[in-house]
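Asks:
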Amino acid sequence: MSPFSIFLIGIAMSTDAFAAAVGKGAAMRNPRLPEALRAGLIFGTIEGLTPVVGWALGSAASRYITAWDHWIAFALLAALGAHMIHAGLRPHDDDEDAPRRHGFWALATTGLATSIDAMAVGVGLAFLDAEIAVVAVVIGLTTLVMVTLGIMLGRSLGRLAGKRAELGGGVLLILIGLAILYEHLGGAAGIPGM
């Protein structure tokens, strides 16, 4: 898996966390950098660990389905991408009473909810012989940065930017799935960096 593909996975996995962070930032009175970094660390840690869990589960099953691994990875990424696009298009419930200050457990719960897709990506990566430690670190660091930015920009950007980020992340996941499928079906045999 190329460094560019790993970077795109990191971006795609962090967009739903970014969307949640924009909403949390919009609910806060004046978000400061320490609060935003704290949220970014919580989200980034969780988002970085979940693909490792998924990879371990996928590795246990990989020897039984190696002939279909690229199709499984494609199906998982495409399904997750479609789900993110659907969530980005769904109208947002504005009746939520979000707290002004977010506690650790509220952030951790939201971080876990937004990282389920990263676990599924980890399952798919187990079939591709990807370096999971590198992917997990990239996803975690990208999420840390995106959540920190989301909290800080949330007040001015509002929920609209969060929805667009989720749509973009979904499209990225589908494109990555198509690239994996193309690579494994022999189409990228002579293309460097794939």
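If you want our numbering, it's the 1-based position in the sequence shown plus 1012. Backbone N, C-alpha and C fix where the C-beta goes; we use that ideal spot for every residue, glycine too. This one's a predicted model, so the numbers in the text were calculated from it and none came from an experiment.
#1: Between the stretch 1153 to 1168 and the stretch 1047 to 1060, are three or more C-beta pairs nearer than 8 angstroms?
#2: Quick check on VAL1146: buried or exposed, where buried means 16 or more other Cβ atoms within 10 Å of its Cβ?
#3: Are there three or more Cβ pairs, one per stretch, closer than 8 angstroms when the stretch 1084 to 1094 is compared with the stretch 1119 to 1139?
#4: So what's ARG1044 in DSSP terms, helix, strand or just coil?
#5: Measuring only between beta-carbons, confirm whether ALA1073 sits less than 8 angstroms from chain B.
#6: With a threshold of 6 angstroms on Cβ separation, who are the neighbours of GLY1052 within its own chain once the five nearest residues in sequence on each side are excluded?
#7: Can you give the Cα-Cα distance for ASN1042 and GLU1143, rounded to whole angstroms?
#8: My output table needs one value for ASP1129: the three-state DSSP class, helix, strand or coil.
#9: Under 8 angstroms, do GLY1123 and ALA1024 count as touching if we go by C-beta distance?
#10: Give the DSSP-derived three-state secondary structure of ARG1050 in the structure shown.
#11: Can you tell me the Cβ-Cβ gap for LEU1119 and ILE1054, rounded? I've got them flagged as a contact below 8 angstroms.
#12: Using only alpha-carbon positions, find the residue among ALA1094, ALA1068, ARG1050 and PHE1016 that is nearest to ALA1179.
#13: Look up LEU1197 in the DSSP assignment and say whether it is helix, strand or coil.
#14: Quick check on this structure: which residue in LEU1140, PRO1063, GLY1115 and SER1017 has the alpha carbon closest to the alpha carbon of TRP1083?
Replies: Result, derived from the coordinates:
#1: Output reads yes: the stretch 1047 to 1060 touches the stretch 1153 to 1168.
#2: The C-beta of VAL1146 has fewer than 16 other C-beta atoms within 10 Å across all chains shown, which makes the residue exposed.
#3: Flag = yes, the stretch 1084 to 1094 and the stretch 1119 to 1139 touch.
#4: The answer is coil: DSSP assigns ARG1044 none of H, G, I, E or B.
#5: The displayed structure is made up of one protein chain only, and chain B is not part of it.
#6: These residues qualify, in order along the chain: LEU1156, VAL1159 and THR1160.
#7: Answer to the nearest angstrom: the Cα atoms are 40 angstroms apart.
#8: Three-state DSSP puts ASP1129 in a helix.
#9: No, they are not a contact pair.
#10: In the structure shown, ARG1050 sits in a helix (DSSP, three-state: H, G or I).
#11: Contact flag correct, Cβ pair sits at about 5 angstroms.
#12: Note that residue 1179 is Leu in the sequence shown here, rather than Ala. For LEU1179, the nearest C-alpha among the options comes from ALA1094.
#13: The answer is coil: DSSP assigns LEU1197 none of H, G, I, E or B.
#14: The shortest CA-to-CA distance from TRP1083 to any of LEU1140, PRO1063, GLY1115 and SER1017 is the one to LEU1140.
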